[in-house]
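The numbering of the sequence shown is this note's numbering, which starts it at 1 and goes up by one.
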Amino acid sequence: MKSLKTLILGSTFALGLLFSTTVLADSVYTVKSGDTLSSISVEFFGSNNNVEKIAKDNDIKNIHMIFPGQELKIITDGKTTTAPVETTTVAASEPVQETKQEVAAPSAPATTSSAKEWIAQRESGGDYNATNGYHIGRYQLDPSYLNGDYSPANQEKVADEYVAGRYGSWENAQAFWMNNGWY
Numbered sequence: 001m002k003s004l005k006t007l008i009l010g011s012t013f014a015l016g017l018l019f020s021t022t023v024l025a026d027s028v029y030t031v032k033s034g035d036t037l038s039s040i041s042v043e044f045f046g047s048n049n050n051v052e053k054i055a056k057d058n059d060i061k062n063i064h065m066i067f068p069g070q071e072l073k074i075i076t077d078g079k080t081t082t083a084p085v086e087t088t089t090v091a092a093s094e095p096v097q098e099t100k101q102e103v104a105a106p107s108a109p110a111t112t113s114s115a116k117e118w119i120a121q122r123e124s125g126g127d128y129n130a131t132n133g134y135h136i137g138r139y140q141l142d143p144s145y146l147n148g149d150y151s152p153a154n155q156e157k158v159a160d161e162y163v164a165g166r167y168g169s170w171e172n173a174q175a176f177w178m179n180n181g182w183y
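As structure tokens, then:
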């Protein structure tokens with residue numbers, strides 16, 4: 001007959017697994033294509049409330065500008081985050097084994113909007129009024145493409161048409177930019 005003490009210990013351990021937390025150690029994170037400080041904050045802190053902290057810890061002046069391959073210090077200050085845990089029901093006399101479910105790190109795949117924003121930040125810092133002496137706007141377009149209409153709506157439309165015609169997608173334009181320093 002199984003002892004009541006063994007049954008209570010087994011049940012208590014299973015409850016402990018259900019409500020366990022994982023302490024995140026300070027670490028170095030390598031930025032992947034499509035990452036944002038917001039998505040990195042969610043991955044390490046469970047919310048996007050630490051974007052400014054990550055930027056400060058890494059001396060990042062523009063929170064919208066990080067680069068694939070860039071290494072970021074993630075300083076968690078010993079904060080904890082809950083992690084989903086898979087529990088298994090076992091008989092109280094059997095050894096209880098902890099089975100943790102791996103939680104996939106949220107990563108933002110390269111999407112049209114992230115690749116487009118990535119280019120805009122490098123070309124103009126995201127400014128629709130930027131000029132370099134010849135090229136104009138957020139995407140540093142040739143003025144002849146804009147036909148005198150420098151409005152943000154027209155810049156967006158023309159940039160989308162230019163990228164679709166030349167590269168097929170913003171992701172391809174980003175890859176070209178990364179290899180050549182321009183698109």
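No residue lacks a Cβ here, since even glycine has one placed at the ideal position from N, Cα and C.
Measuring straight from C-alpha to C-alpha, what distance separates residue i and residue j?
i      : j      : result
Gln121 : Phe44  : 24 angstroms
Arg138 : Asp149 : 13 angstroms
Glu171 : Ser39  : 18 angstroms
Asn179 : Gly133 : 24 angstroms
Asp142 : Ile136 : 7 angstroms
Tyr145 : Thr131 : 15 angstroms
Tyr162 : Trp177 : 14 angstroms
Ala173 : Gln155 : 16 angstroms
Ala104 : Asp35  : Model confidence at Ala104 stands at a pLDDT of 41, short of 50, so the residue's coordinates are unreliable; what they give is reported in the following sentence. The straight-line gap from Cα to Cα measures roughly 15 angstroms.
Gln140 : Lys53  : 31 angstroms
Asp127 : His64  : 12 angstroms
Lys61  : Pro68  : 17 angstroms
Evaluate residue i with the Cβ neighbour count: other Cβ atoms within 10 Å of its Cβ, from every protein chain shown; 16 or more gives buried, anything less gives exposed.
i      : result
Asp59  : exposed
Trp118 : buried
Lys116 : buried
Trp182 : exposed
Ala164 : exposed
Ala153 : exposed
Ser124 : buried
Thr99  : Because Thr99 sits at a pLDDT of 44, beneath the cut-off of 50, its placement in the model cannot be relied upon, and the point is left open.
Ser114 : buried
What are the partner residues of residue i, as DSSP defines its beta bridges?
i      : result
Glu71  : Thr30
Leu37  : Partner(s): none; Leu37 has no beta bridge.
Ile136 : Thr131 and Leu141
What distance in whole Å lies between the Cβ atoms of residue j and residue i, which are believed to be in contact at a cut-off of 8 angstroms?
i     : j     : result
Leu37 : Val51 : 5 angstroms
Ile66 : Val31 : 5 angstroms
Ser33 : Ser41 : At roughly 18 angstroms, the Cβ-Cβ gap does not stay under 8 angstroms, so Ser33 and Ser41 are not in contact.
Would you check whether the ligand MG has a heavy atom nearer than 7 angstroms to the C-beta of residue i?
i     : result
Lys61 : Questions concerning the ligand MG fall outside what the structure shown contains, since it holds no ligand whatsoever.
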